[in-house]
Structures are given as C-alpha cells and as structure tokens.
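Asks: Dropping the structure in here first, questions after.
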Amino acid sequence: MNKPVTDNINPKLDMMPYEFDAGYGTLAKMGLIVLQSDQTIEHEFSIILQSLDNSQDFAQKFTGGAIALYHSRIANFDDVTPENLKTMEQQMPIAAALLNRDFDYDVVGYACTSGATMIGEEKIEKIIQQFHPKAKATNPITACKAALAALNVKNMALLTPYPPEVTLAMQENLQNAGFCTKSVHSFYQAKDSLVARITSESILKAILQIGENDAIDAVFVSCTSLRVLKIIAEAEDILNKPVLSSNQVMAWHMLRLANIKASVQKGGMLFQR
Numbered sequence: 086m087n088k089p090v091t092d093n094i095n096p097k098l099d100m101m102p103y104e105f106d107a108g109y110g111t112l113a114k115m116g117l118i119v120l121q122s123d124q125t126i127e128h129e130f131s132i133i134l135q136s137l138d139n140s141q142d143f144a145q146k147f148t149g150g151a152i153a154l155y156h157s158r159i160a161n162f163d164d165v166t167p168e169n170l171k172t173m174e175q176q177m178p179i180a181a182a183l184l185n186r187d188f189d190y191d192v193v194g195y196a197c198t199s200g201a202t203m204i205g206e207e208k209i210e211k212i213i214q215q216f217h218p219k220a221k222a223t224n225p226i227t228a229c230k231a232a233l234a235a236l237n238v239k240n241m242a243l244l245t246p247y248p249p250e251v252t253l254a255m256q257e258n259l260q261n262a263g264f265c266t267k268s269v270h271s272f273y274q275a276k277d278s279l280v281a282r283i284t285s286e287s288i289l290k291a292i293l294q295i296g297e298n299d300a301i302d303a304v305f306v307s308c309t310s311l312r313v314l315k316i317i318a319e320a321e322d323i324l325n326k327p328v329l330s331s332n333q334v335m336a337w338h339m340l341r342l343a344n345i346k347a348s349v350q351k352g353g354m355l356f357q358r
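Quick note: our numbering has the sequence shown finishing at residue 358, numbered continuously throughout.
Structure representation (structure tokens):
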C-alpha cells in the first residue's frame, strides 16, 4: 500500500488509505491526432475497441481498459485542397506535443488520409517521433498499404469524397506502392464538415456498384470523416471481397503495431489478418 505524504494534513479531515495500480493501457497506449473538423473517427475507434474488449479471444486474456486511446486535435481548413492540406505540416508539432509524453505511447497515428498523402508519410512519422521517439507512427494511407499487402490485394478500387486533384494524388501514391487502382471514384465534396454527413447508405451503394467489377480485388473508401464502419461487413458479404476504410485500416494497423492480434466483430476480413 502506498501512503501519501503527511505534511500539512488538515487534522479536521480524515486521511483515507489507497493503493496505486497500473491504470489504463496495461497492454497498449495509443495516441490519435484527429482533425479539428472530423466528426467520425472517434466514434468508430470506440466501436472497434469496445468490440475488441468483448471478443472472446481477447476477453480470455485481458480486461477492459487494457488498451488506452488518447486524442489530440489538429487545426485544419474545412475546404479540402492540396494547399490547405499541406498547411497541417506546420500544425503537427503542436498537436503531437498535446499528447502527453509521459504516457509512453506504443503507437501514435495521424488521422487524415488526404493530409498524409499531400504532406508525405515520412514527414508525418518524423514529426510524431520528435515528440514520441519510442512510439511507432502511422496514418491512414500507410495503414491502407499495409492492409492491402496483408490481404494480398493488387487490383483495387478507390472511393473518396475529395476533389479530383486530391483523389488523383492518392491514386498515384497507391500506384507507386505497387497497387493497381483499376477504378477511381469520388463524391466530389470539398468540405470536410459535409463529408461526415454523407449517409452510410450512399456509401454502401457506391461500394457495391464499384466492387461488382470482377477485375477488382478490394475496395478502399478513403477519408476518416466518412461513416463506413457499420456497412463494411454487409458490403463484404454481398461482394465476397475485402472492403476497407480509412478508420478501419488505421485502427487495425495501430493495434497490430502495438502487437495486438485480436479480431474485431464486424470489422471486416482485414481483422482476420
């Protein structure tokens, strides 16, 4: 039992005994840098981690709170343009520093697919590790490529909400990594605050239309603001092929980087890898 320092104790107040434990995050501590305008990723990460805690293989070994997730917000423009996305590079040190260094993170993620594409994945990792040198770093486009590799996908379809110049830059990034984007599609919505209001039903219809092409091995839906998680399992059941989203691949990659191999109910085929 740990006893508190007794100097200056008020004699009118009873001192109660207490003990310390390891707190939250006994298995892993994860930090997440979220866009100021994002309305979705925190909800979907919460669903994934709760599903993880309730999964049979995980619950047999660990109790709730074994994985701790801490958020920081980063300033961004609501209008999604290459120029606006690149300005987040200047904001990254501020956001990374707001994640308490004393928490000793296992992994820190920057939650912007288009931002990581325009700024550069290596730059993102370097900035994060300036403040959290022991942590592994990731972002949705890096996580997407890791997921595609884990699923042995070569021919894919890309769906984004972005303007053409951002979408095409992402296609080029994936192509340069060896993934053939057989088809590219967009909702042509330039405001991130409105992207979060695109219905999951609209996204599902687009995925099914895109994914029915036999030449496509998987569909990747890019953007952390899009509400994709709840329709992934349904889309995969219909298409019989992997369906990936920015939030899903990033949660999977962060867990795997933290050496957590448990599956997630309705997390898609990816979480079986």
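Think of the CB as a built atom: it goes at the ideal place given N, C-alpha and C, for glycine as much as any other residue.
#1: Please work out which residues of its chain come closer than 7 Å, Cβ to Cβ, to N95, disregarding the five sequence neighbours upstream and downstream, and give them in chain order.
#2: Which stretch, first to last residue, makes up the alpha helix (DSSP H) that contains V334?
#3: Looking only at its chain, what residues have a beta carbon closer than 6 Å to the beta carbon of A262, apart from the 5 residues adjacent to it on each side?
#4: Is it true that the CB of L259 sits closer than 9 Å to the CB of R358?
#5: How about the segment 187 to 200 and the segment 302 to 309: do they share at least three Cβ pairs that are nearer than 8 Å?
#6: What do you get for L340, buried or exposed, if any count of 16 or more other CB atoms within 10 angstroms of its CB means buried?
#7: Using C-beta distances below 6 Å, list every residue in its chain close to V192, excluding the 5 sequence neighbours before and after it, in chain order.
#8: Taking 7 Å as the limit between beta carbons, can you name the residues of its chain near D164, skipping five residues before and five after?
#9: Going along the chain, which unbroken runs of the beta strand (DSSP E) with 3 or more residues stay wholly within the segment 223 to 298?
#10: Are the beta-carbon atoms of T266 and M241 separated by less than 9 Å?
#11: Which class does L184 belong to by DSSP, given the choice of helix, strand or coil?
#12: Taking contact to mean at least 3 C-beta pairs separated by less than 8 Å, is the segment 203 to 210 in contact with the segment 287 to 300?
#13: Could you please give the first and the last residue of the uninterrupted beta strand (DSSP E) stretch that includes M115?
#14: Considering just the uninterrupted stretch of the beta strand (DSSP E) at L324, what are its terminal residues?
#15: What number of angstroms, rounded off, separates the C-alpha of A181 from the C-alpha of H217?
#16: In or out: E104 buried (at least 16 other Cβ within 10 Å) or exposed?
#17: Given 8 Å as the limit, is there contact between the segment 162 to 177 and the segment 241 to 257, that is, 3 or more CB pairs closer than that?
#18: Please report how far the alpha carbon of L154 lies from the alpha carbon of L117, in whole angstroms.
#19: Please report the residue range of the alpha helix (DSSP H) in which I212 lies.
#20: DSSP state of A374, grouped into three classes?
#21: What separation, rounded to the nearest whole angstrom, lies between the Cα atoms of Q175 and I213?
Replies: Taking the geometry as given:
#1: In its own chain, leaving out the 5 sequence neighbours on each side, no residue places its CB closer than 7 Å to the CB of N95.
#2: 331 to 342
#3: K230
#4: no
#5: yes
#6: buried
#7: M115, A220, K221, M339, L342, A343
#8: A275, K276
#9: Whole beta strand (DSSP E) segments, 3+ residues: 240 to 245, 265 to 271.
#10: yes
#11: Taken through DSSP and simplified to helix, strand or coil, L184 comes out as coil.
#12: No, because fewer than three Cβ pairs between the segment 203 to 210 and the segment 287 to 300 fall closer than 8 Å, the two stretches do not touch.
#13: 113 to 120
#14: No beta strand (DSSP E) contains L324, which is instead part of the alpha helix (DSSP H) from 314 to 324.
#15: 8 Å
#16: exposed
#17: yes
#18: 7 Å
#19: 206 to 216
#20: As shown, the chain starts at 86 and ends at 358. That puts residue 374 outside it, with no answer to give.
#21: About 12 Å.
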